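Read in order, the letters of the sequence shown are residues 307 to 886 in this note's numbering. Idealized CB from N, CA, C, for every residue including glycine. Small disclaimer: the values here were computed from a predicted structure and weren't measured. Below is one structure, written out as structure tokens; the observations come after it.
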Amino acid sequence: MLPSAVRRWLNKPKKSDPRLLAKFFYVNEEVSGIVNELESLDLRKDPQNYLVLLNQLHSSQERMLGVIEQIMELCVPTKRQQRDYLLKFPDEVAHENMTTHLLFSAELLVGGTYIEVEEADGSLLRPLAQELLRSLADLRFALREQSFEDPGSYPETIHKALLHYDALCAEFELRYVSLLVSVKTPEEIYSQQEVAVLFCETVSRALKKGYLTQEMIDHCEPELMISIPRLAIISGLLIYPDGPLNLQKQPEEMCELFRPFHGLLKKIQELLCILTEQELISLERALCCASSDDPSGHLSAISESPNKWNFISHATGTPSEPKSTIMGISENPRPEVPSTWETHSISIQCQSPVTIHSNYASNYCKSDRSNRTYRDQGIIKTVGFEHSGNAETEYARSQHHNQHVKYAHRNLRLQHVRSRYRSDSDMLHRLFVCIAGVADQLQTNFASDLRVILKTVFETVSSKQQEEREKTTDNAFRLSDCHLCQSNIEHHTVAKSVPPEWLPDNASSQCMSCYASFTLLRRRHHCRSCGKIFCSRCSAYSSTLPYLVSTHPVRVCSHCYRVHCNPLDSHKMEQDWTEA
């Protein structure tokens with residue numbers, strides 16, 4: 307028997323080995339070497355070299371943690387600690403290199419250095435930081451030992467070490483980042499998700515209307531960053547008034563994104579509700595234009611009529627001079643007649659739908675025939691269905707008169723608002739400026755939240771098929787060059803009863819798993835399950851196979867042992883296989 311040190315040296319993974327444990331072995335050796343150099347270096351004598359080594363250490367640690375992350379995704383993808391708390395963090399904090407920064411911060415806390423946090427908070431986190439670094443050291447040792455024994459397998463001890471480290475890392479990440487930045491409350495996260503739903507509905511409607519194309523969504527065109535928030539303002543005010551842009555709420559009850567614009571959004575909603583369908587389409591097309599295009603082309607499509615509403619000025623004595631901004635609407639007192647968007651809360655029970663050209667949505671019939679209410683100049687009258695004949699005729703006549711009065715008031719309201727502008731296109735232009743201004747302010751003041759929302763929109767509305775991320779442990783070990791794996795995928799059956807295609811000895815000069823070259827001491831061995839050629843270390847397993855008459859276990863490779871063999875009939879060889 308060879309000494310253990312020599313046997314470990316012979317079993318050391320090759321640099322050409324593509325398996326994760328082999329990669330971890332060398333990057334771990336690199337980290338350990340740099341740490342030893344730093345410990346033996348005098349900072350006062352050679353500060354420049356110390357900084358160079360420190361940068362190399364951070365780079366090596368980042369690669370090592372990346373390999374550990376890949377191993378966890380391979381071994382325990384469904385057992386890892388949940389990271390739902392990342393939703394509470396700002397977008398600029400949750401980045402890919404966050405784990406490297408957290409481990410460096412943990413080392414500072416263990417050393418008694420408090421840079422980013424207060425000393426009192428750091429003292430409370432110090433025990434957790436010590437436990438995290440200890441678990442990482444134990445995990446590194448376990449992975450290194452396993453890379454000597456078999457780089458292709460991950461026993462239960464490795465799984466436990468991975469899960470313990472992952473749980474401590476998640477706990478430290480949440481507690482440490484919560485001390486650095488203000489995390490979002492569940493209510494704020496829910497409000498942000500409501501806005502994301504509004505944006506998704508807006509994009510779906512824009513695709514149906516032809517304002518946007520699916521190709522633009524799939525390619526994440528930059529102009530969508532401008533167009534989607536603008537269209538979402540119209541959808542939230544006009545089509546989904548009970549959503550996150552519900553102006554019936556108090557400003558402090560609204561979503562944080564739109565809270566500063568509560569007053570301006572009311573003015574925008576008032577103008578949106580008096581637009582005709584053609585005017586609304588022209589406005590939305592103008593808002594969808596790229597920054598390099600001139601939106602005035604869409605707005606000028608509405609016929610110019612400067613004196614269209616001047617007859618009202620002569621009749622009422624109200625001047626029709628245009629206001630400088632849309633905020634000028636609030637200068638005159640608002641009439642008591644309910645405006646167009648308020649008709650959402652006043653249900654008109656009728657036999658057939660009535661379409662209003664100045665409102666974007668129709669008021670649909672209600673199915674409740676037991677009791678109908680309607681408004682007649684502020685007097686509520688209730689008419690039951692127990693009457694027949696003349697009663698029904700009288701009811702229909704009264705309802706028609708009620709609707710006529712209401713629409714007359716609404717038309718007066720419409721004409722009163724329009725009379726403040728020189729023309730329809732002038733009113734649309736002012737609407738365009740206000741909506742674009744609010745959307746641009748969202749880009750400036752809430753850039754982080756808007757990036758998260760738009761990312762959710764692109765992931766939801768994109769037509770590209772999302773790759774399945776959750777894999778079972780068996781699927782994680784499947785290989786593209788294994789004919790047994792491909793046979794199972796194509797035919798959905800396990801082809802275990804067919805003898806494998808036996809490769810001749812001269813078909814390969816190196817192990818087909820670790821790529822170690824065969825020598826006088828490193829002999830060739832065939833796997834009885836797949837027929838490939840391996841070294842003794844990569845085929846140190848035995849199992850019974852269905853196509854063999856004998857029940858005696860035969861040699862199989864580590865891949866077939868984990869994926870294709872029956873675990874009850876498989877075991878690792880207790881004694882070393884002879885090289886003869």
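Taking buried to mean at least 16 other C-beta atoms within 10 Å of its own C-beta, is residue i buried or exposed?
i, result
"Val483", "buried"
"Leu561", "Residue 561 is actually Cys in this sequence, not Leu. The residue in question, Cys561, is buried, as its Cβ has 16 or more Cβ neighbours within 10 Å."
"Thr463", "exposed"
"Cys526", "exposed"
"Asn613", "The predicted model places Asn613 with a pLDDT of 38, which falls under 50 and marks its position as unreliable; any figure quoted below should be read in that light. Exposed."
"Phe467", "Before going on, a small fix: residue 467 reads as Ala here, not Phe. With 16 or more Cβ atoms within 10 Å of its Cβ, Ala467 is classed as buried."
"Glu424", "exposed"
"Asp323", "buried"
"Lys838", "buried"
"Leu431", "buried"
"Ile654", "Bear in mind that a pLDDT of 34 at Ile654, under 50, signals an unreliable position, so the number given afterwards is only what the model happens to contain. Ile654 is buried by the Cβ-count criterion."
"His870", "buried"
"Val501", "buried"
"Arg888", "Since the first and last residues shown for the chain are 307 and 886, residue 888 lies out of range."
"Tyr853", "exposed"
"Glu493", "exposed"
"Gln584", "exposed"
"Arg868", "buried"
"Asp390", "exposed"
"Ser912", "For residue 912 there is no data in the structure shown, the boundaries of the chain being 307 and 886."
"Ile421", "exposed"
Would you say the beta carbon of residue i is closer than 8 Å to some non-hydrogen atom of the ligand SAM?
i, result
"Pro535", "In the structure on display, the ligand SAM does not appear, and there are no ligands present to speak of."
Compute the Euclidean distance between the alpha carbons of residue i and residue j, then round it to the nearest angstrom.
i, j, result
"Pro566", "Leu392", "26 Å"
"Leu543", "Gln556", "15 Å"
"Leu261", "Val763", "It is not possible to answer for residue 261, since the shown part of the chain is limited to 307 through 886."
"Glu558", "Leu581", "29 Å"
"Asn361", "Glu398", "22 Å"
"Pro528", "Lys394", "26 Å"
"Thr825", "Gly428", "56 Å"
"Lys572", "Leu486", "37 Å"
"Val373", "Leu380", "10 Å"
"Leu469", "Leu357", "34 Å"
"Gln388", "Asp811", "48 Å"
"Asp348", "Met370", "26 Å"
"Asp317", "Ser842", "It should be noted that the sequence gives Asn, not Asp, for residue 317. Straight-line Cα distance between these residues: approximately 10 Å."
"Asp746", "Ile534", "11 Å"
"Asp732", "Leu577", "12 Å"
"Pro383", "Arg350", "46 Å"
"Met498", "Glu375", "At residue 498 the sequence reads Gln, which differs from the Met that was named. Their Cα atoms are separated by approximately 30 Å."
"Glu368", "Tyr821", "26 Å"
"Pro433", "Cys817", "46 Å"
"Tyr847", "Leu827", "19 Å"
"Ala813", "Phe454", "27 Å"
"Gln575", "Ser754", "26 Å"
"Pro806", "Ser849", "15 Å"
"Ser611", "Tyr727", "Its pLDDT being 41, under 50, Ser611 is placed unreliably by the model, and the measurement read from it follows with that caveat. Spanning the two alpha carbons is a distance of roughly 10 Å."
Alpha carbons only, please: which of the options is nearest the one belonging to residue i?
i, options, result
"Leu439", "Ala426, His465 and Phe410", "Phe410"
"Lys514", "Cys871, Trp808 and Val767", "Val767"
"Cys791", "Cys866, Tyr821 and Leu854", "Cys866"
"Tyr477", "Met378, Tyr460, Gln436 and Thr850", "The amino acid at residue 477 is misidentified as Tyr; the sequence shows Glu. Closest by alpha carbon: Gln436."
"Cys788", "Ser819, Val758, Lys761 and Ala742", "Ser819"
"Asp444", "His710, Tyr471 and Tyr496", "Tyr471"
"Leu593", "Leu530, Leu563, Phe564 and Leu570", "Leu530"
"Val804", "Ser814, Ser815, Glu765 and Leu851", "Leu851"
"Pro921", "Lys321, Ser704, Ala742 and Leu760", "A query on residue 921 cannot be resolved here, the shown segment of the chain reaching from 307 to 886 and no further."
"Pro396", "Arg757, Gly339, Ser815 and Phe840", "Arg757"
"Arg254", "Ala714, Leu408 and Leu474", "Residue 254 falls outside the range modelled here, since the chain spans only 307 to 886, and no answer is possible."
"Ile545", "Asn751, Pro461, His858 and Cys579", "Cys579"
"Arg446", "Val337, Ser815, Thr699 and Trp808", "Val337"
Check whether the stretch 316-334 touches the stretch 443-456, taking contact to mean three or more Cβ pairs, one atom from each stretch, closer than 8 Å. Yes, since at least three Cβ pairs between the stretch 316-334 and the stretch 443-456 fall closer than 8 Å, the two stretches touch.
Just to confirm the assignment: which complete alpha helix (DSSP H) runs, minimum length 4, are found wholly within the stretch 533-585? Taken in chain order, the complete alpha helix (DSSP H) segments of 4 or more residues contained in the stretch 533-585 are 568-578.
Taking only runs that begin and end inside the stretch 414-490, name each unbroken beta strand (DSSP E) of 3 or more residues, in chain order. Correct list: empty.
Does the pairing of the stretch 500-519 with the stretch 537-545 give three or more beta-carbon distances under 8 Å? Judged by Cβ distances under 8 Å, the stretch 500-519 makes contact with the stretch 537-545, as three or more pairs qualify.
Could you tell me which uninterrupted alpha helix (DSSP H) segments, each at least 4 residues in length, are contained entirely in the stretch 325-396, listed from first to last along the chain? The DSSP assignment places 326-346 and 353-381 as complete runs of the alpha helix (DSSP H) inside the stretch 325-396, in order along the chain (cut-off: 4 residues).
For the stretch 818-835 against the stretch 855-865, do three or more pairs of beta-carbon atoms, one drawn from each stretch, fall closer than 8 Å, so that the two count as touching? Because the criterion of three Cβ pairs below 8 Å is met, the stretch 818-835 and the stretch 855-865 touch.
Can you confirm whether the stretch 546-553 touches the stretch 513-529 when touching is taken to mean that 3 or more C-beta pairs between the two stretches lie within less than 8 Å? No contact exists between the stretch 513-529 and the stretch 546-553.
When you compare the stretch 336-343 with the stretch 356-372, are there three or more beta-carbon pairs, one atom per stretch, that lie closer than 8 Å? The stretch 336-343 vs the stretch 356-372: in contact.
contact_flag[the stretch 580-594, the stretch 738-746] where n(CB pairs < 8 Å) is 3 or more: By the Cβ criterion, the stretch 580-594 is in contact with the stretch 738-746, since at least three pairs of Cβ atoms, one from each stretch, lie closer than 8 Å.
Start-end ranges of the alpha helix (DSSP H) lying completely within the stretch 743-767, minimum 4 residues: For the stretch 743-767, whole alpha helix (DSSP H) runs of length 4 or above, ordered along the chain, are 753-767.
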